[in-house]
Amino acid sequence: MNLNLSDSGVEVDMINYIQEILKEFEGVHEYTHPADEKLFIYNADGLPCSNPKKFHRIVAKLLFLC
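In this note's numbering, the protein residues as written are 3 to 68.
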C-alpha cells in the first residue's frame, strides 16, 4: 500500500500489490467489457483445483485488496 502525503491530502494506491497478484495468477486476460461469450462456461469434467493453496492465497489477496 502506497501512501502519498501532500498539502492537498492523502492519496492511497495499491498498484504494486495488484501487479504482484496478476503476475502470480496465470491465465489473466484483458477484456474491453466485464462479460464476454465465455462468462458462463465452466469446467464440466469437475476436476478439482490443481493447486488449492495457490488459489486460496490469491483469493485472500483479492479480499485484502477489496
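Don't be surprised by glycine CBs; every beta carbon is placed ideally from N, CA and C.
Endpoints, beta strand (DSSP E) assigned at residue i
i         : result
residue 7 : 4-8
Span of the alpha helix (DSSP H), counted from its first residue to its last, around residue i
i          : result
residue 30 : Counting along the chain, residue 30 falls outside any alpha helix (DSSP H), and DSSP gives it neither H nor E.
residue 64 : 54-67
Alpha-carbon spacing of residue i relative to residue j, whole angstroms
i          : j          : result
residue 64 : residue 51 : 18 Å
residue 37 : residue 43 : 12 Å
residue 49 : residue 10 : 52 Å
residue 18 : residue 3  : 8 Å
Beta bridge counterpart(s) of residue i as assigned by DSSP
i          : result
residue 13 : 6
C-beta atoms of residue i and residue j nearer than 9 Å
i          : j          : result
residue 14 : residue 5  : yes
residue 60 : residue 39 : no
Cβ shell of residue i (< 8 Å), same chain only, five flanking positions each side left out
i          : result
residue 55 : none
residue 12 : 5, 6
Cβ-based neighbour list, residue i, same chain, cut-off 6 Å, excluding 5 preceding and 5 following
i          : result
residue 20 : none
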